[in-house]
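Quick note, the sequences are listed as chains G and F, same order.
Note that UniProt numbering gives residue 133 to position 133 of the first sequence, counting from 1, and the numbers run on in steps of one.
Note that UniProt numbering gives residue 117 to position 117 of the second sequence, counting from 1, and the numbers run on in steps of one.
These notes are about the structure you will find just below.
Number of protein chains: 2
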Amino acid sequence: MYGIFNYDIASPRMGVKVGEYILDLELVSLLGYFGDLNIDPAVFAQPVLNDFIALGKPVWQAVNQHIKALLSDEQAALADIHDQVFIHQSRATMHLPVRIGDYTDFYAGIHHAENVGRMFRPDAEPLLPNYRHLPVAYHGRASSIVVSETPVRRPQGQFMQNGQVTFGPSQALDFELELGLIIGKSNPLGKPIPIDEAEDYIFGITLFNDWSARDIQRWEYQPLGPFLGKNFSSSMSAWVVPLDELEPFRVEGPVQEPAPLPYLQSSKPGHFDIQLEAILQTKQGTEHRICQTNAKHLYWSFAQLIAHHTVGGCNLKIGDVLATGTISGTAPDSFGSLLELSWNGTQPLALADGSRRTFLEDGDSITLRGLAVDDEFGLRVELGDVSGKVLSALQRFS
Amino acid sequence: MYGIFNYDIASPRMGVKVGEYILDLELVSLLGYFGDLNIDPAVFAQPVLNDFIALGKPVWQAVNQHIKALLSDEQAALADIHDQVFIHQSRATMHLPVRIGDYTDFYAGIHHAENVGRMFRPDAEPLLPNYRHLPVAYHGRASSIVVSETPVRRPQGQFMQNGQVTFGPSQALDFELELGLIIGKSNPLGKPIPIDEAEDYIFGITLFNDWSARDIQRWEYQPLGPFLGKNFSSSMSAWVVPLDELEPFRVEGPVQEPAPLPYLQSSKPGHFDIQLEAILQTKQGTEHRICQTNAKHLYWSFAQLIAHHTVGGCNLKIGDVLATGTISGTAPDSFGSLLELSWNGTQPLALADGSRRTFLEDGDSITLRGLAVDDEFGLRVELGDVSGKVLSALQRFS
Chain G
1 MYGIFNYDIA SPRMGVKVGE YILDLELVSL LGYFGDLNID PAVFAQPVLN DFIALGKPVW
61 QAVNQHIKAL LSDEQAALAD IHDQVFIHQS RATMHLPVRI GDYTDFYAGI HHAENVGRMF
121 RPDAEPLLPN YRHLPVAYHG RASSIVVSET PVRRPQGQFM QNGQVTFGPS QALDFELELG
181 LIIGKSNPLG KPIPIDEAED YIFGITLFND WSARDIQRWE YQPLGPFLGK NFSSSMSAWV
241 VPLDELEPFR VEGPVQEPAP LPYLQSSKPG HFDIQLEAIL QTKQGTEHRI CQTNAKHLYW
301 SFAQLIAHHT VGGCNLKIGD VLATGTISGT APDSFGSLLE LSWNGTQPLA LADGSRRTFL
361 EDGDSITLRG LAVDDEFGLR VELGDVSGKV LSALQRFS
Chain F
1 MYGIFNYDIA SPRMGVKVGE YILDLELVSL LGYFGDLNID PAVFAQPVLN DFIALGKPVW
61 QAVNQHIKAL LSDEQAALAD IHDQVFIHQS RATMHLPVRI GDYTDFYAGI HHAENVGRMF
121 RPDAEPLLPN YRHLPVAYHG RASSIVVSET PVRRPQGQFM QNGQVTFGPS QALDFELELG
181 LIIGKSNPLG KPIPIDEAED YIFGITLFND WSARDIQRWE YQPLGPFLGK NFSSSMSAWV
241 VPLDELEPFR VEGPVQEPAP LPYLQSSKPG HFDIQLEAIL QTKQGTEHRI CQTNAKHLYW
301 SFAQLIAHHT VGGCNLKIGD VLATGTISGT APDSFGSLLE LSWNGTQPLA LADGSRRTFL
361 EDGDSITLRG LAVDDEFGLR VELGDVSGKV LSALQRFS
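Structure follows, in structure tokens:
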């Protein structure tokens with residue numbers, strides 16, 4: 001998986017994560033180890049992946065194969081320069097891997113949508129009538145997306161408390177376990193992307209935490225959707241896994257009934273079997289796995305998200321992020337947000353250290369992890385973690 | 001007012017609109033007419049205004065004053081180079097004036113919000129409970145914002161027709177008359193902008209048409225807000241008027257009752273008396289003024305929009321666009337959208353050429369105009385028009 005890092009006095013550059021180390025691709029390239037790939041080494045010395053991504057899918061694939069060959073035990077091609085090009089992660093500072101143009105957040109996790117419906121519209125059908133016809137989504141805020149390990153400040157804002165409009169630090173700060181798709185190819189404005197080409201527009205995937213202030217969101221979101229309840233920060237992994245790496249884990253998604261309109265019908269399975277989990281670390285340092293779920297629980301596939309996003313002509317650009325929305329399973333310990341895990345605060349989550357959580361406390365950290373494994377073939381693809389610690393709210397405003 | 005243009009073989013550069021002409025600021029600067037302002041001429045030779053804006057408000061003001069002096073009759077300073085530096089608009093191609101990071105669309109027009117409430121929730125209070133407490137907004141799509149005169153293709157999409165989920169060209173394509181604020185200064189993530197500093201973060205304003213497909217929007221927007229109903233295109237004027245130019249037109253806004261929370265209370269009036277109108281030109285070329293309204297009808301001031309947007313810590317960046325939402329007055333001919341003018345299609349608008357409109361037809365053009373005038377002091381500030389013509393939908397998808 002690819003990321004942007006710097007170390008010592010070196011400027012930001014592109015790297016590949018290899019266990020505890022990062023392979024410095026600018027150095028590898030400058031030292032001539034990319035042979036006849038004919039890529040300008042400058043492309044590996046950028047502060048974001050965008051220029052590399054813009055070289056196109058055949059180049060991503062060639063570079064990916066070449067790096068795998070360099071890393072394979074048999075060749076030990078990099079043995080002579082090992083100490084030079086492998087940087088221990090402890091020496092590195094990670095950066096946001098892409099310059100993000102626009103960020104879209106979907107609502108593709110059907111069990112999450114059902115849970116939210118059950119909580120907020122208890123007397124109605126959990127899913128709204130449009131849910132199974134189109135991937136519901138809203139535009140999010142790109143400027144406030146931060147790289148993993150950036151602390152997240154608890155937002156202040158307006159919410160209703162005891163029937164009064166109140167201003168103060170959010171009392172219902174939450175995480176959302178999501179995947180983010182990094183767009184790898186642009187489509188011109190006005191030209192929809194057909195679903196069977198849609199995956200060619202994905203460079204790779206990351207873990208994504210769409211922090212949410214549920215009280216702010218609840219008060220503000222009618223009729224135009226979430227705004228300040230979401231835009232104070234979203235956290236993205238520093239590492240992007242090429243979609244190709246996940247090919248062995250492709251699976252059928254859930255049966256879609258009613259059948260979606262033709263522009264959302266794909267000729268191949270579009271889901272991926274990726275185990276996901278959320279770890280809550282308290283201020284005291286104890287760690288608690290509070291959620292275990294899987295990307296295959298999403299209702300809509302990645303390809304469907306892209307086909308829908310562009311069917312009216314909207315243009316995607318390289319580096320854009322499409323997040324899936326919260327991924328929950330059906331079991332109570334598979335819910336991807338505290339809103340669901342504590343059932344809107346009514347059923348506090350008991351942690352093993354004896355403490356309880358409805359929503360996040362100052363000093364809590366959330367880490368999301370992802371892993372695809374196929375024991376039969378000995379395959380294992382880890383996603384890059386995303387973590388973030390909650391800082392207490394500013395006190396300047398009232 | 002400032003814009004980006006090119007002509008003949010010249011690359012895009014910054015210009016000032018002077019009647020039918022554009023003053024080429026790169027040339028003026030290279031020829032030494034910016035005297036001791038000490039600005040790198042390269043800043044005027046960029047394809048967007050962002051680098052100029054980044055120089056900061058004191059520089060905007062100095063350049064603005066200097067250009068006014070150069071243009072004043074008394075000095076005729078540019079007489080010797082007049083033919084060189086004044087380019088007739090007919091020779092120029094205009095470009096999107098800023099590189100937009102994020103685009104936010106507010107709902108600050110209270111009469112618009114009331115009209116929408118009356119149409120869609122006829123048995124309830126027209127305004128939702130949050131409306132007078134906070135400026136409702138949603139994040140929009142930045143990638144599909146186009147400069148004035150770019151044609152706009154009618155989107156295809158899903159909507160309900162006779163109780164059936166249908167796919168096809170939108171049957172309810174609309175315009176929205178809005179103002180766009182161009183952000184002139186960035187705030188760090190996590191640092192709210194106090195309301196009395198908020199106007200310092202505005203570089204200037206433009207006319208903005210947030211094209212909307214009402215049928216697509218209506219089917220998709222619950223529960224997360226508008227998405228494909230809005231993101232197929234928004235049109236922005238090629239010209240940005242510095243906020244300072246509007247200072248003589250500052251007025252008190254409507255009484256805000258209940259009083260907003262302290263972070264939304266300003267020490268000075270924050271509204272501007274700007275006459276606005278929308279012209280519909282049919283395919284046959286006849287022009288019809290279908291709306292006359294005024295920016296002073298907005299409920300929330302520009303400063304309130306910025307203070308609210310950032311109160312939870314969201315960071316604004318230079319070049320971001322904050323649009324006001326549709327600006328309607330109270331009179332039926334002051335409504336800033338066809339949704340309101342035709343009362344959701346139930347009262348077709350009769351045009352002077354005998355034709356009628358519920359929503360836009362292929363070949364229709366919409367032009368938005370703005371003008372601030374003070375006859376007593378002989379002041380007159382025109383905003384840059386924004387116009388766009390509707391193209392028929394693609395026929396490839398079904």
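Quick reminder that beta carbons are idealized off the backbone N, C-alpha and C, glycines included.
Going straight from the alpha carbon of residue i to that of residue j, what length do you get?
i, j, result
"F:His271", "G:Ser186", "40 Å"
"F:Leu221", "F:Ser355", "The amino acid at residue 221 of chain F is misidentified as Leu; the sequence shows Tyr. Going from the Cα of F:Tyr221 to the Cα of F:Ser355 covers about 31 Å."
"F:Pro129", "F:Gln158", "30 Å"
"G:Glu247", "G:Val381", "10 Å"
"F:Ala352", "F:His288", "7 Å"
"G:Ala42", "G:Ile110", "43 Å"
"F:Pro135", "G:Leu27", "51 Å"
"F:Leu189", "G:Val48", "20 Å"
"F:Leu349", "G:Gly168", "47 Å"
"G:Gln304", "F:Leu305", "35 Å"
"F:Cys314", "G:Leu78", "44 Å"
"F:Met14", "G:Met14", "35 Å"
"G:His95", "F:Gly56", "27 Å"
"G:Tyr7", "G:Ala45", "13 Å"
"F:Gln256", "G:Ala323", "38 Å"
"F:Leu298", "F:Asn162", "36 Å"
"G:Gln292", "F:Ala372", "59 Å"
"G:Phe52", "G:Gly140", "25 Å"
"G:Ala393", "G:Glu361", "11 Å"
"G:Glu176", "G:Ser337", "5 Å"
In the DSSP assignment, find the unbroken alpha helix (DSSP H) run with residue i in it and report its ends.
i, result
"F:Lys68", "Lys57 to Leu71"
"G:Ile53", "Asn50 to Ile53"
"G:Ser29", "Leu25 to Leu30"
"G:Asp385", "From DSSP, G:Asp385 is part of no alpha helix (DSSP H); its letter is neither H nor E."
Measure from the C-beta of residue i to each C-beta in chain G and report whether the shortest distance is under 8 Å.
i, result
"F:Ala137", "yes"
"F:Gln222", "yes"
"F:His133", "yes"
"F:Ser314", "Strictly speaking, residue 314 of chain F in this sequence is Cys, with Ser absent from that position. Taking Cβ atoms only, chain G reaches closer than 8 Å to F:Cys314, which makes this a yes."
"F:Tyr201", "no"
"F:Arg141", "yes"
"F:Leu360", "no"
"F:Pro97", "no"
"F:Ser233", "yes"
Assign residue i to one of two classes, buried (16 or more other C-beta atoms within 10 Å of its C-beta) or exposed (fewer than that).
i, result
"F:Phe377", "exposed"
"G:Asp333", "exposed"
"G:Ser235", "buried"
"F:Gln156", "buried"
"G:Asp82", "Strictly speaking, residue 82 of chain G in this sequence is His, with Asp absent from that position. G:His82 comes out exposed."
"G:Ser398", "For G:Ser398, the predicted model reports a pLDDT of 46, less than 50, meaning its position is unreliable and no value from the coordinates is stated."
"F:Arg369", "buried"
"G:Leu264", "buried"
If you measure from the beta carbon of residue i to each beta carbon in chain F, is any gap under 8 Å?
i, result
"G:Pro126", "no"
"G:Pro226", "yes"
"G:Trp219", "yes"
"G:Asn115", "no"
"G:Asp215", "no"
If I follow the unbroken beta strand (DSSP E) through residue i, where does it start and stop?
i, result
"G:Arg380", "Leu379 to Glu382"
"F:Thr150", "It is not in any beta strand (DSSP E) - F:Thr150 carries neither H nor E in the DSSP assignment."
"F:Asp374", "Ser365 to Asp374"
"G:Asn6", "Tyr2 to Tyr7"
"G:Leu181", "Leu177 to Ile183"
"G:Ala137", "Ala137 to Gly140"
"G:Phe167", "Gln164 to Pro169"
Going along chain A, which residues have a C-beta under 8 Å from residue i?
i, result
"G:Ser144", "Among the protein chains of the structure shown, namely G and F, there is no chain A."
Ordered list of alpha helix (DSSP H) runs contained in the stretch 283 to 363 of chain G, each at least 4 residues
302 to 310 and 338 to 341
In chain order, which continuous runs of the alpha helix (DSSP H) of length 4 or greater are located wholly inside the stretch 80 to 114 of chain G?
82 to 85
Just list the alpha helix (DSSP H) runs in the stretch 198 to 275 of chain F, keeping only unbroken ones of 4 residues or longer that don't cross its boundaries, in chain order.
214 to 220
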